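K.L.:
Just so you know, the sequence shown maps onto residues 81 to 220 in my numbering. Cβ atoms here follow ideal geometry from the backbone N, Cα and C, with glycine treated the same way. All values derive from a computational prediction rather than experimental measurement.
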Amino acid sequence: MEETNVIETKDGTIAVASAFPGQQEAVRDRDHKFLTRAVEEAYKGVECGHGGPFGAVVVRDDEVVVSCHNMVLNNTDPSAHAEVTAIREACKKLNRIELSDCEIYASCEPCPMCFGAIHLSRLKRLVYGANAEGGYRNWV
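The structure is reproduced here in structure tokens:
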């Protein structure tokens, strides 16, 4: 059975959830790069009025597959969270429903629905910024 490990940096700003034992490595520069992109998406979504301040980026082989933000208000769809939108778009772009060779970067700790979508799509790794206390729980 796969195990999930969560580690945080000393200042608590980054958490890494691993789908595989032994992936408890330090957050790398590439993680900061893609996490920054997710945060930029969050700002973009708010500026456009598309939804709450949440962004997500799906990465494969150090290349961005898709970069999305929350689309709940724009789509009139309560399930159009940034992570779910990114997973949907990545699956369409890659023409498959399984993303085991991809990682997802989210501006905030995913809500339970998004965690479910991440699990079902078999993403191999999740990196997120703000924890739920400062993120989605304030929007629910």
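Got a sec, what are the start and stop residues for the alpha helix (DSSP H) residue 120 sits in?
P.N.:
As a working note, residue 120 is residue 40 in the sequence shown. That run of the alpha helix (DSSP H) goes 109–128.
K.L.:
Tell me which residues share the same chain as residue 130 and place their Cβ nearer than 7 Å to its Cβ, disregarding the 5 neighbours each side in the sequence.
P.N.:
On the sequence shown, residue 130 is found 50 positions in, with the first residue counted as 1. Result list for residue 130: 149, 150, 151, 153, 154, in chain order.
K.L.:
Spell out a yes or no on whether the segment 114–126 and the segment 169–179 are touching, meaning 3 or more CB-CB pairs, one atom from each, closer than 8 Å.
P.N.:
With the cut-off at 8 Å, the segment 114–126 and the segment 169–179 do not touch.
K.L.:
Pull up the distance between the alpha-carbon of residue 206 and that of residue 184, whole angstroms please.
P.N.:
Position 126 of the sequence shown, counting from 1, holds the residue named residue 206. Position 104 of the sequence shown, counting from 1, holds the residue named residue 184. Approximately 5 Å between the Cα atoms of the pair.
K.L.:
What is the residue span of the beta strand (DSSP E) that residue 183 lies within?
P.N.:
Indexing the sequence shown from 1 puts residue 183 at position 103. Residues 182–188.
K.L.:
Using the C-alpha atoms, what's the distance from residue 202 back to residue 162?
P.N.:
The count along the sequence shown starts at 1 and reaches residue 162 at position 82. The count along the sequence shown starts at 1 and reaches residue 202 at position 122. Whole-angstrom Cα-Cα distance: 17 Å.
K.L.:
Which whole-angstrom value describes the C-beta separation of residue 210 and residue 188, a residue pair presumed to lie in contact below a C-beta threshold of 8 Å?
P.N.:
Here residue 210 refers to the residue found at position 130 when the sequence shown is read from its first residue. Here residue 188 refers to the residue found at position 108 when the sequence shown is read from its first residue. 5 Å between Cβ atoms; contact.
K.L.:
In chain order, what are the residue ranges of uninterrupted alpha helix (DSSP H) at least 4 long that sit wholly in the segment 138–188?
P.N.:
Fully enclosed alpha helix (DSSP H) runs of 4 or longer: 152–155, 162–174.
K.L.:
Within its chain, find whatever has a CB closer than 7 Å to the CB of residue 140; leave out the 5 residues flanking it on each side and keep chain order.
P.N.:
Position 60 of the sequence shown, counted from the start, is the residue given in the question as residue 140. Here the set comprises 181, 182.
K.L.:
Do you know how far the Cα of residue 135 is from the Cα of residue 111?
P.N.:
Residue 111 sits at position 31 when you count from the first residue of the sequence shown. Residue 135 sits at position 55 when you count from the first residue of the sequence shown. Roughly 15 Å separates the two Cα atoms.
K.L.:
Identify whether residue 43 lies in helix, strand or coil by the three-state DSSP scheme.
P.N.:
An answer regarding residue 43 cannot be provided, because it is not within the stretch 81 to 220 covered by the chain.
K.L.:
Going by Cα to Cα distance, which pick from 168, 213, 212 is closest to residue 146?
P.N.:
Residue numbering aside, residue 146 sits at position 66 when the sequence shown is read from its first letter. Cα-wise, what sits closest to residue 146 is 168.
K.L.:
Given this structure, state the Cα-to-Cα distance separating residue 138 from residue 156, to the nearest angstrom.
P.N.:
Here residue 138 corresponds to residue number 58 of the sequence shown, with the count starting at 1. Here residue 156 corresponds to residue number 76 of the sequence shown, with the count starting at 1. Roughly 23 Å between the two C-alpha positions.
K.L.:
State the Cα-Cα distance for the pair residue 114 and residue 193, rounded to the nearest angstrom.
P.N.:
Your numbering for residue 114 matches position 34 in the sequence shown. Your numbering for residue 193 matches position 113 in the sequence shown. One C-alpha to the other measures close to 22 Å.
K.L.:
For residue 159, which option in 143, 177, 196, 179 has the closest C-alpha, if you only look at C-alpha atoms?
P.N.:
Your numbering for residue 159 matches position 79 in the sequence shown. Measuring from the Cα of residue 159, the nearest candidate turns out to be 196.
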